[in-house]
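Just add 2 to the spot in the sequence shown (first one is 1) and you have the numbering used here.
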Amino acid sequence: MRSREAARTFSDEQAAIRRARAYVAMYVRRGKLRPGRCELCGDRHVCPDWDDPGKPLAVRWFCPAHRREHLADTAAARQGLEALRREFAAIGELPTAVLAGLHEAALRGLDGTGAEPGTLRYRLALQFAYRALQARQPL
Ligand SMILES: [Zn+2]
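Take a look at the structure:
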């Protein structure tokens, strides 16, 4: 009979975090890695966290309170990125004529000095033009 633990399924990210946690725990047990202090307050009671769980030794240490804060900040940043992705997807769905107008505006750049397509300057100007368009005529 499979244990409940073995039957659990994890997202790829959850699985990567579990692997990283096990890896770091093994390093700590073998004395090859010492837990640091909370990088925000210096507390010695810490939990590991990773920007990239695929790099388990690039561990960051946070006390429980700061880890919760860090996770909330990370989640907010992800939501921001997701909102941005949706916005650019919505721009891509616009009628060709509207898109052409936004493209012209984006080529002028935010400050009128021009922006090359594909650059961050262009994308920011495109986003700005899209938001201005939405403000004028809510979709
Ligand atoms: Zn802390």
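Don't be surprised by glycine CBs; every beta carbon is placed ideally from N, CA and C. Keep in mind it's a predicted model, so treat the numbers as computed, not measured.
Assuming Ala-107 and Ala-137 are in contact, meaning their beta carbons sit under 8 Å apart, how far apart are those beta carbons, in whole angstroms? That pair is no contact at about 13 Å.
Cα-Cα separation, Arg-133 to Cys-49: 41 Å
Assign Pro-58 to one of three DSSP states: helix, strand, or coil. coil
Would you tell me roughly how many angstroms separate the C-alpha atoms of Ala-1 and Val-26, rounded to the nearest one? The structure shown does not extend to residue 1, since the chain is modelled only from 3 to 141, so the question has no answer here.
Buried or exposed (CB count within 10 angstroms, at least 16 for buried), Asp-51: buried
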